[in-house]
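Each residue of the sequence shown is one higher than the one before, counting from 2 in my numbering.
All C-beta atoms in this analysis are idealised placements derived from N, C-alpha and C, irrespective of residue type, glycine included.
Just below is one structure, and these are the notes that go with it.
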Amino acid sequence: MKLKFFGAAQTVTGSRIQFEHNHFIGLVDCGLFQGSRELRELNWIPQLELLKSDCVLITHAHIDHCGYLPRLYKQGYRKPIYCSKPTRDLLKVMLMDSAKLQEEDAKYANESKYSHHDPAFPLYTTQDAIGCLELVRSTDWNTWIPLTEAISFRLNPSGHILGSSYVQISYTNGNQSKILTFTGDIGSDRSQVLTGPEPLFETDTLVIESTYGNRSFKNENVESQFADIINEVCNRGGTLIIPAFAVGRTQDLLLILNRLKKKNLIGNIPFYLDSPMAQEVTSVYLKNLSELRKTADRSEVELALKTAFFNPVIHPEESRFLAQSTEPKIIISASGMIQGGRVLHHLKAKLPDSKSGVLFVGFQAHGTKGRLIKEGLNRIRIHHQLIPIQAQIYSIEGLSAHADSNELLALMQKLRKEPFKTIINHGELEASEALKFSIQTDLGWKSVIIPKMGDIIQLDDL
Ligand SMILES: [Zn+2]
């Protein structure tokens, strides 16, 4: 068995890992690179090696794990794409939206002549997304599916977003058999909408994410932090803008906001979900209620998710009108790392306003506008305009959909024996290195590797 890392190696986007055994090639995740221009340009490099894959296994529907699929299709990929049932529902929304954005970007670049390429083409089109969605096959949880006589795979819930899965590969050589586990993104028990990640008991090789390998959120009281920030901003007459991922983060925010209102911890402040995609995604969550966490109040999650549709902001004009309004309010809008989307209009209107605030609730990758604002820049370029930043910048890390370092270690501790190899990916280098140190120090594991992009790792355990 051989692994090759094509992305999310010492960075958090562009997840693509190929495995090869007995001439069968599988690809785990097929994500887009996001963040800095250098990273995004990697999306344009033809990936002939990825095209040799006999199947793609998708851990979850975040774009940095699935957003390259239509490009692969455009380049000629026609083999199966496997994922969980809820992931399949989400892929339809995510890939169609992503294709639309690619088309709009190319159109905008051609109209405004901002592109270095003349004419600018989309990375892929809606037709490519439709074509690639036809290749998607969903599987049940915890069921081994044969890929060849010697290789099978199964998916188990990883608690990160609806449908997110660990991918486990079982493979044999003669009468020896081994298990290889890719964690994808791992969720946290802190999420109130989803059940936490399932424990892993058995694996010979572990490929584990490390987004927060250097952070612990154990002592954060998210609800009271959230209430304090909302009250502070709205009491001084400002707008609180929360850039949020449409999948996962938005649904958690809806639940917490409803709880704060129910407990009278915040006043009757209007909140708007200004992201048609987040609304569509919330509909997919409501369709998959049986996958969500069972709370004492059985209908609590369902009722909270339905509030996504209370103050609908459908048309772009409505969004622009909302951006200009001065009433105290909360606006949740995508994209989560301020890479695009309607949140840009809201920030353009409110960043210069010292009464307003921006609250970060998710990971902000290097090179994104979100990271720059969070790090305290005093102005930022939006739509080619320099915008001064007077609004107050807040962040609540404990709302992240990723396990922190303690939770990652606790998950590994449940394994019945030390894997032959533990491979750390999906993290910025300092986070991956901190996790490596903890694994070696706290668990005493010997073979821990942090691969670079393009690295090949031979699993010589068979
Ligand atoms: Zn994710």
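For residue 162, the shortest separation between its Cβ and any heavy atom of ligand 1 lies below 7 Å. Residue 174 counts as exposed, since fewer than 16 other beta carbons sit within 10 angstroms of its beta carbon. With a cutoff of 8 Å on beta-carbon distance, residue 436 and residue 406 are scored as near each other. Inclusion of residue 71 and residue 125 in the CB contact set at 8 Å is warranted, their separation being smaller than that value. Under the Cβ criterion (8 Å, minimum of three pairs), the region 220-232 does not count as touching the region 167-187. In this structure residue 13 touches residue 212 by the C-beta definition: roughly 6 Å separates them, less than 8 Å.
Only residues of its own chain outside the window of five on either side were considered, and among them 305, 306, 308, 309 have a CB closer than 7 Å to the CB of residue 255, listed in chain order. DSSP places residue 393 in the uninterrupted beta strand (DSSP E) bounded by 393-396. Here residue 186 is buried. Its C-beta has 16 or more other C-beta atoms within 10 Å.
Within the chosen limit of 7 Å, ligand 1 does not reach the beta carbon of residue 405 with any heavy atom.
In the displayed model, residue 179 falls within a strand according to three-state DSSP. If you look at residue 109, you'll find it in the alpha helix (DSSP H) that goes 86-113.
If you compare the alpha carbons of 343, 416, 338 with that of residue 314, the shortest gap goes to 343.
Judged by DSSP in its simplified three-state form, residue 74 adopts helix.
Within 10 angstroms of the beta-carbon of residue 77 lie fewer than 16 other beta-carbons, which makes it exposed. Linking residue 373 to residue 366 through their CA atoms gives a straight-line distance of about 9 Å. Going by DSSP, residue 359 is part of the beta strand (DSSP E) stretching over 358-361. At the C-beta level, residue 23 and residue 34 stay beyond 8 Å of one another. With a cut-off of 8 Å on Cβ pairs, the region 179-199 is in contact with the region 283-294, counting three or more such pairs. For the pair residue 51 and residue 7, the CB atoms are nearer than the 8 Å cut-off.
Going by DSSP, residue 261 is part of the alpha helix (DSSP H) stretching over 250-263.
Annotation for residue 283: the continuous alpha helix (DSSP H) segment containing it runs 277-288.
Under the 10 Å beta carbon count, residue 322 is surrounded by fewer than 16 other beta carbons and is classified as exposed. Set against 7 Å, the gap from the CB of residue 186 to the closest heavy atom of ligand 1 is smaller. Of the candidates 266, 203, 106, 274, the residue whose Cα lies closest to the Cα of residue 253 is 274. At a threshold of 7 Å, residue 346 does not count as near ligand 1, since its beta carbon sits no closer than that to any of the ligand's heavy atoms. Contact between residue 204 and residue 240 fails: their C-beta atoms lie close to 47 Å from each other, not under 8 Å.
Note on geometry: alpha-carbon atoms of residue 180 and residue 171 lie some 5 Å from one another.
Here the region 374-392 makes contact with the region 349-357; the two share three or more CB pairs at distances below 8 Å. Here the distance from the Cβ of residue 66 to the nearest heavy atom of ligand 1 is below 7 Å. Nearest in C-alpha terms to residue 64, of all of 400, 348, 368, 338, is 338. Residue 401 counts as buried, since no fewer than 16 other beta carbons sit within 10 angstroms of its beta carbon. Contact annotation: the region 445-463 does not touch the region 26-41, with fewer than three C-beta pairs closer than 8 Å.
For residue 22, the enclosing beta strand (DSSP E) begins and ends at 18-22. Of the other Cβ atoms in all chains shown, 16 or more fall within 10 Å of the Cβ of residue 368; this residue is therefore buried.
A distance criterion of 7 Å places the beta-carbon of residue 63 in contact range of ligand 1, judged by its closest non-hydrogen atom.
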